[in-house]
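The structure is reproduced here in structure tokens:
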């Protein structure tokens, strides 16, 4: 593609050199310009322009300091909400690792491990080129914060934690390493690719840490925004819980996790939460959903009943476009941006169309009421 | 893309205005025309042209009338056959919900719930822009129709039913609602997107209704047909059965369905039916298959042994094109149109390459004999 | 697309015919040429140019001859290594079917069935247009070769075998048929499509033969090579083992295979082998991985920790391009070429992000150390 462009430009230069001016020149140059624009607008089949990418980052540091009052800091939102993108080259974010009882379904309290006291963790949203200056404190030994969450009297265990950003391009040995309870890790990474990316605790057993709730979503917008305009945006994280009872509450059933046989499958951490309290929309509106399947094990076939996905961008990158889809099949650690129109007044359920999952909680709704 | 085109046209108009006629004009205009055609033929990365879409439809109605003689009405075919597309703006289709014993494998009779007495239900085929005027009677209490199908003396249960068309863009609360035995629902929807779309009963437990057999395929052709020409077309619906014995026959094993552990996985409802009776083709022919995975739970990796899928259109939309694929991985409620050449005389098995499924019945063949 | 091109050429010819020469002609022709190149470089949405494809091949032959000294012959390599492409129209390859004890994890010896004494079998690499002249001897009765591999004193069973190349377009009834122990089958096939294709034993039960280890990868390069340049290439085959103990060693657990519940999931046949002995790379290098998921049952969500997949070519065909992916979800018998940059010095684990699989052995690493 670049070769063609080069040929054209060479040609144009040659024409100028030979004194080919006047109305011919004008007309000709405009044609060339149109061609050039066309060429650039076509999908490039060669290498991506990786010139502006930032590979790697300064070494991570680990500090010890008193626990801060808040467990999160920075431009964050909790799904289905999507935060605004800060207008800065660098974005400061802090999300602490905590242990707490989390209500997954009515009366079902799970001994979760979280980022920012929430399953999933907060939604992070930046733009290509921005640098995230991140820090996280392991508060698993923060008895003041954790004890109040207890129900069954047993202490939650102290535990090493870490965080791995799929949106980053940095040495995981350094940045994604585990810290001890009471420690705070600081590192940065720059968003090189647009998309919807997973983050999760990467401390072994990674399966256990993810299944316990240490998962979330980063949205990286293209430098010039999305090619479409929408009326509303929602963030949906799908995850699996593997549970067994321990006293009055529930804890991880590791054997079930290894067999990939979940107890609950949820949108944004709570089984079927958007059935009684649907997300809002109006007839005729175009909705964008950021859908992230964090697994830890199984795929989802995301589907909205009563409409068709006008656009699907795999892993959230507009270059990976599918159109007119009834559903999108996403592996564990895969995502999509989906856009669709609400055709008329009504209630539009959305589900994982692997229907055993829908019936385990991966079921919600958008309503115009 | 539209901006470039607009610029070019503006440019052309300006040229004409300034009296730039004669041979230069002719030559120039033709170049512009060629560019314009090219621009239109390129994939548009902006919004789809959604101007002609029909969103929503009049309210559904429910009537009570005597059972009709036939359980289906309209331009329908049973897979692997594909019906012709009627030459009309509106297509009238009726498929009744029935309960009947269905032979899944030799001597294995399953207490199925069906559309039109068949698992999968009939194939519907329309063109983008056509409106389907649909009706369905819940005949689960039609003893005359059902009793003749009995083997083990026990009555089949009366049951509410409904139908959900993934090809439609209408309020599911209204059109896809459940009706009682003896009732008939009437509603319409317009085909907005080309593709291969699932339909299924959407009455809770949806998993149970789908696993019992209430699933099928709608083919929506692009307005101007497909970009390729083929010699033969076949429709293949892949579904899972979850069974346990009840007397002489088989009924749904709900626990197995929840664990996603099927008993049979079939093409067009009967385990391995195209192994002894292969689909027909000739050496050198190009075959188009409409492949719909209706699940209800698991994916399929559809593969034809001895050839390569020249084209794969995800969800049946030619814009979602992959080429030269050995298989296509389809989630439950995902589909593809696949096209391939029969390279020489012989027998070409097709399978779900998740081979445990192939050995549970998801195995067929195309033969030149 | 071809029509546009034809129109342009017709136009050019007409211009020449009418004596439209001189500087105008030159300029005009060059524009046309640029357009023509552009048209050819755009993705063709019509039929592929299938003119050069070779469909079918001469009948396979089966011979009986003494066992050769070597179990493989020809330009082969063992993954993660990738062989060079021979500079010839025809490539001679021999890989024998053998039975041997194979160490899957430290001290875990499995009674495997192999191609070329290895799980996966050797990597084959050719170019579009080349013909593979293949032969395979069933050495399951080659006591001299097999007995030395024994640990538990029990003989390995004699068994029919066969081989099915997903890269071939030939009658499977003929070329992929089963042979008896001591026989050698000879047949050929021509590479029509670029990609990364599976090969496997196709003798029933195919599930059993594949689960026992008879699986491997063929790389078919595009005629003109890949559109990108890379610093290193690695071949990764992911497979599942289903095991139960028999004396001191392990054998296939068919029931587990039917339930799709593996014991080990590995990269290149040995659980976690690249964790203690990582693949090599340097910071800043661009890596190409040929990733083939041979199942036999489950998908993989292939992910490299600490980087992003700059390009993903589904089934290894550069026309099926996704960009900026955090992972690629591949069904059993699906593949991808993935390319990524090593952002800075460090160790970059790669995993199946279905994390139960990662913890069963589908975990490796690339390191700059």
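Protein chains in written order, with my numbering: chain V, 1 to 369; chain W, 370 to 738; chain B, 739 to 1107.
From the three backbone atoms N, C-alpha and C, an ideal C-beta is built for every residue, glycine too.
query: Could you tell me which chain V residues have their CB closer than 9 Å to the CB of residue 1092 of chain B, listed as they occur along the chain?; result: 260, 295, 296, 297, 298, 299, 331, 332, 333
query: Do the region 818-830 of chain B and the region 852-864 of chain B touch if we need at least three Cβ pairs shorter than 8 Å?; result: yes
query: Tell me residue 305 of chain V's beta-bridge partners as DSSP assigns them.; result: Note: residue 305 of chain V sits in no beta bridge, so no partner.
query: Measuring only between beta-carbons, confirm whether residue 233 of chain V sits less than 9 Å from chain W.; result: no
query: Based on the DSSP secondary-structure assignment, which residues constitute the bridge partners of residue 1027 of chain B?; result: B/972, B/1076
query: Interface residues of chain V around residue 619 of chain W at Cβ under 8 Å?; result: By Cβ distance, chain V contributes nothing, its closest Cβ being about 19 Å from residue 619 of chain W, past 8 Å.
query: Between V/291, V/257, V/180, which lies nearest to residue 216 of chain V when the distance is taken from Cα to Cα?; result: V/291
query: Using 10 angstroms around the beta-carbon of residue 761 of chain B, count the other beta-carbons present and answer buried if the total reaches 16, otherwise exposed.; result: Residue placement at residue 761 of chain B cannot be trusted, given a pLDDT of 46 that sits under 50; the coordinates are not used to answer.
query: In whole angstroms, give me the CA-to-CA distance for residue 852 of chain B and residue 944 of chain B.; result: 13 Å
query: In three-state terms, what does DSSP make of residue 608 of chain W?; result: strand
query: From the DSSP output, in three-state form, read off residue 259 of chain V for me.; result: coil
query: Secondary structure at residue 881 of chain B, three-state DSSP: helix, strand or coil?; result: helix
query: Run through DSSP, which three-state label would residue 164 of chain V get?; result: strand
query: With 8 Å as the C-beta to C-beta threshold (strictly closer), list the residues of the region 261-282 of chain V near chain B in chain order.; result: none
query: What do you get for residue 1082 of chain B, buried or exposed, if any count of 16 or more other CB atoms within 10 angstroms of its CB means buried?; result: buried
query: Report the three-state DSSP secondary structure of residue 842 of chain B (helix, strand or coil).; result: strand
query: For residue 33 of chain V, which residues of its own chain have a beta-carbon under 7 Å away from its beta-carbon, when the five flanking residues on both sides are left out?; result: The predicted position of residue 33 of chain V is uncertain, since its pLDDT is 49 and thus under 50; a value taken from the coordinates is nonetheless stated next. Result list for residue 33 of chain V: empty, nothing under 7 Å.
query: Here's a check: name, in chain order, each residue in its chain whose Cβ is nearer than 6 Å to the Cβ of residue 314 of chain V, leaving out the five neighbours to either side.; result: 320, 336
query: Would you say residue 53 of chain V reaches chain W, if we count a Cβ-Cβ gap shorter than 9 Å as a contact?; result: no
query: Using 9 Å as the limit for Cβ to Cβ distance, is residue 580 of chain W near chain B?; result: no
query: From which residue to which residue does the beta strand (DSSP E) around residue 217 of chain V run?; result: 215-221
query: Please list the residues of the region 895-920 of chain B that have a C-beta atom closer than 9 Å to any C-beta atom in chain W, keeping them in chain order.; result: 902, 904, 905, 906, 907, 908, 909, 910, 911, 912, 913, 914
query: Give the DSSP bridge partners of residue 816 of chain B, in chain order.; result: Residue 816 of chain B pairs with nothing; no bridge assigned.
query: Decide yes or no for the touch test of the region 963-977 of chain B against the region 1021-1028 of chain B: beta carbon pairs closer than 8 Å, at least 3 of them.; result: yes
query: Tell me the residue span of the alpha helix (DSSP H) that contains residue 718 of chain W.; result: Element bounds for residue 718 of chain W: not the alpha helix (DSSP H) but the beta strand (DSSP E), 716-721.
query: Can you tell me the Cβ-Cβ gap for residue 730 of chain W and residue 663 of chain W, rounded? I've got them flagged as a contact below 8 Å.; result: Not quite, the Cβ-Cβ distance comes to about 14 Å (not below 8 Å), so this is no contact.
query: Roughly how far, in whole angstroms, is the beta-carbon of residue 571 of chain W from the beta-carbon of residue 621 of chain W, given that I think they are within contact range, below 8 Å?; result: Contact doesn't hold; Cβ gap of about 17 Å is too wide.
query: Compute the distance between the beta-carbons of residue 72 of chain V and residue 100 of chain V, then report whether it is under 9 Å.; result: no
query: Going along the region 297-321 of chain V in order, which residues come within less than 8 Å of chain B, judged by CB to CB distance?; result: 297, 298, 299, 314, 315, 317, 319, 320
query: Identify each residue in the region 183-207 of chain V for which the Cβ-Cβ distance to at least one residue of chain B is less than 8 Å, and report them in chain order.; result: 192, 193, 194, 195, 197, 198, 202, 205, 206, 207
query: Rounded to whole angstroms, what is the Cα-Cα separation between residue 333 of chain V and residue 164 of chain V?; result: 12 Å
query: Tell me, please, which residues DSSP counts as bridged to residue 366 of chain V.; result: V/279, V/348
query: Report yes if the CB atom of residue 480 of chain W is closer than 9 Å to the CB atom of residue 577 of chain W, and no otherwise.; result: no
query: Where do the N-terminal and C-terminal ends of the beta strand (DSSP E) with residue 65 of chain V fall, by residue?; result: No beta strand (DSSP E) holds residue 65 of chain V; DSSP gives it neither H nor E.
query: Taking 7 Å as the limit between beta carbons, can you name the residues of its chain near residue 226 of chain V, skipping five residues before and five after?; result: 318
query: Give the DSSP-derived three-state secondary structure of residue 782 of chain B in the structure shown.; result: Confidence at residue 782 of chain B is low in this model, with a pLDDT of 42, below 50, so its placement is unreliable and no value can be given for it.
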